[in-house]
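Enquirer: Sequence lines, in order, name chains H and U. Here the first sequence stands for residues 1 to 181, numbered as in my numbering. Here the second sequence stands for residues 182 to 451, numbered as in my numbering. The beta-carbon is built from N, C-alpha and C at its ideal position, and this holds for glycine as well. Every value quoted in this text rests on a predicted model; they were computed, and no experiment measured them.
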Amino acid sequence: MARAQAGDLAAYELLVTRHAPFAHRTAVLFGAGDDAEDVVQEALVKAFGRLRLYRGDSPFRPWLLAIVANETRNLHRSRRRRDSLVLRAAAREDPNGTLPDAPADGALAAERRVALLDAVRALDDRHREVVICRYLLDLSEAETAQTLGWPRGTVKSRTARALAKLRTRVGPDAAREVPHG
Amino acid sequence: MADRPDEELATELRALAAWLDTPEPPDVRAAVRARLAARTQPGARSANLTRAQPGAPSGNPTRSRPGVRRWLAAAAAIAVAVTVAVLPQGRAAVARVVDEVLHFAGVQVRNSPGGLPSLPASPSPLPSLRSAALDEARRRARFPIGVPAQLGVPEQVLLADPGPDGAPRVVSLIYRGGAVRLDEFDGELDPTFEKSAVGNGSRWVTVNGHSGLWFPEPHALTYLDRQGIRHTETARLAAPTLIWRDGAVTYRLEGPTTLAEATAIAASVS
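1. Would you check if the distance between the CB atom of L307(U) and the CB atom of Y404(U) is smaller than 7 Å?
2. Cutting at 6 Å between CB atoms, please list the residues of its own chain near Q408(U), excluding the five before and the five after it.
3. Considering only C-alpha positions, which residue in the set K376(U), L310(U), L363(U) is nearest to H137(U)?
4. Label P235(U) either buried or exposed according to how many other C-beta atoms from any shown protein chain fall within 10 Å of its C-beta, with 16 as the threshold for buried.
5. So which residues of chain U does A191(H) contact, with C-beta pairs closer than 9 Å?
6. If distances are taken between C-alpha atoms only, which option among F22(H), A43(H), R18(H) comes closest to D138(H)?
7. For F48(H), list the residues DSSP reports as bridge partners.
8. Can you check the segment 302-364 of chain U for any beta strand (DSSP E) of at least 3 residues that lies completely inside it and give the ranges in chain order?
9. Count the other CB atoms within 10 Å of the CB of S451(U); is the residue buried (16 or more) or exposed (fewer)?
10. Leaving aside the five residues before and after V39(H) along the sequence, list all residues of the same chain whose C-beta is less than 7 Å from its C-beta, in chain order.
11. Would you verify that the beta carbon of F48(H) is, or is not, closer than 7 Å to some beta carbon of chain U?
12. Please state whether the Cβ-Cβ distance between R169(H) and A109(H) is less than 7 Å.
13. Closer than 8 Å by C-beta to L123(H): which residues in its own chain qualify, once you throw out the five before and the five after it? Chain order, please.
14. If we define contact as Cβ-Cβ less than 7 Å, is E13(H) a contact residue for chain U?
15. By Cβ distance below 7 Å, which residues in the same chain neighbour L434(U) in space, the five residues on each side in sequence not counted?
16. For A225(U), count neighbouring C-beta atoms within 10 Å of its own C-beta (all shown protein chains included) and say buried if the count is 16 or more, exposed if not.
17. Pairs of beta-carbons, one from the segment 330-348 of chain U and one from the segment 301-317 of chain U, closer than 8 Å: are there three or more?
18. Can you check DSSP and say which residues form a bridge with Y432(U)?
19. Listing by chain order, which chain U residues have their CB less than 8 Å from the CB of D8(H)?
20. On a CA-only basis, which of Y356(U), L339(U), A348(U) is nearest A330(U)? Give me that one, please.
21. Chain H beta carbons: is any one of them nearer than 7 Å to that of D187(U)?
22. Does the beta-carbon of R50(H) have 16 or more other beta-carbons within 10 angstroms, so that it is buried, or is it exposed?
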């Protein structure tokens, strides 16, 4: 890190290797669509320029993600469009390679997934962003605060509010039947 | 107590993440390295892209690029089949035809019998593009900058390809999130843009009493620099465009889909 901060491109490339894939996923989930690669490139170029300002008292990842999130917002402003999150085309193919009703943490029937994702899409920006960070990217509260540039209390309250909104929209999962046998 | 349902929903959302369609992360290392290397060694940049920004901090030159580049890419996405055309050739007083290329007010119009030339997947912006306030654009440009009252204050003002004195060669006013743009440049000097595969519908029109050209179909648009060199990396698919000239200034209005809308906007420029 110190070498990268001193302007060493090779040292910076190690950081790029480590963090670019997650940065890319973040850009996609924030709605950058096909421009995610551009966003990540731009963010990494900017991050290098600002590396001297990075103080090292917080983790590098959310520091970088804040730049990625910001670049994605700039992108939305410039093209007035956000690419929605979409489910995989092979929506019935379990990404974990297990049967749909097998995971212990509660299987999501295809229908349920669609409804849930629709509900996430329908959230307003700040609530959607907090859901993306906290759950879809699985960031901690502190990381989310840094990524979105909000105080931690705000992350907490907006998370609670977002979950409440989602619940009224999709209802509880409990009694839902899995449509296939 | 809301904790338990919240917990369940959170778990579901985390599981949902695995079902999202996210493309494989590309390897951006080479691209980032190249851009950073170009930035740390300004001399390594192409020589014909003169940049005149004395005192600009090194972090700034790339600032306005991404948005615009993406906008260009978005414009290129309006891919519609383009038919090959014969451009009507009247009004020789305002246009000359050399080697089947029509020259009009700083724009070259070329028939392209083979259809659209191949275009870069992600076109580059005009050289040394940066955004500025309208006031600054007016101060720096060597030609008067007209603003269409009908569209109001531009969302973004872009200056491109500055000369050694810092005066931009092209000033662009961006509206509707990039869906409409008005390029302005001195049409009495060298040709600034080349249009090709302009389609059957292109025709002469009158705008505010001046001659103009209307290209209702998507066509290829390429930037020509001061030396007349075509910057093929800037070639992109342009949306319907109206070109007219008022005094020394050539206006290139891209985005309105009907001639009526385009001329109404043009008439409001002052």
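Expert: Here's the rundown:
1. Yes, the Cβ-Cβ distance between L307(U) and Y404(U) is below 7 Å.
2. Counting only Cβ-Cβ distances below 6 Å, and skipping sequence neighbours, we find nothing.
3. Outside the modelled stretch of chain U, which goes from 182 to 451, sits residue 137(U), for which no answer is possible.
4. Only weak support exists for where P235(U) lies, its pLDDT of 33 falling under 50; the value from the coordinates is given anyway. Taking all protein chains shown into account, P235(U) has fewer than 16 neighbouring C-beta atoms within 10 Å of its C-beta and is therefore exposed.
5. What the structure shows of chain H is the stretch from 1 to 181, and residue 191(H) is not part of that stretch, so it cannot be assessed.
6. Closest option to D138(H), Cα to Cα, is F22(H).
7. BP columns for F48(H) are empty, so no partner.
8. Uninterrupted beta strand (DSSP E) stretches at least 3 residues long and entirely within the segment 302-364 of chain U occur at 311-313, 337-341, 351-356, given in chain order.
9. So S451(U) counts as exposed.
10. Excluding positions up to five away in sequence, the list reads A27, A32, V68, E71, T72, L75.
11. F48(H) counts as touching chain U.
12. Result no, Cβ atoms of R169(H) and A109(H) do not sit closer than 7 Å.
13. Counting only Cβ-Cβ distances below 8 Å, and skipping sequence neighbours, we find V131, A162, K165, L166.
14. Residue contact check for E13(H) against chain U: a CB pair falls below 7 Å.
15. Excluding sequence neighbours, L434(U) sits near L363, T422, L423, A443, I446, A447.
16. Because A225(U) sits at a pLDDT of 35, beneath the cut-off of 50, its placement in the model cannot be relied upon, and the following sentence gives the value as read from the coordinates. When all chains shown are included, A225(U) counts as exposed.
17. Yes, the segment 330-348 of chain U touches the segment 301-317 of chain U.
18. For Y432(U), DSSP records a beta bridge to E365(U), W425(U).
19. The CB of D8(H) never comes closer than 8 Å to any CB in chain U; the least such distance is about 11 Å.
20. Of the candidates Y356(U), L339(U), A348(U), the one whose C-alpha sits nearest the C-alpha of A330(U) is Y356(U).
21. It does; some Cβ of chain H falls within 7 Å.
22. Residue environment for R50(H): exposed (fewer than 16 other C-beta atoms within 10 angstroms of its C-beta).
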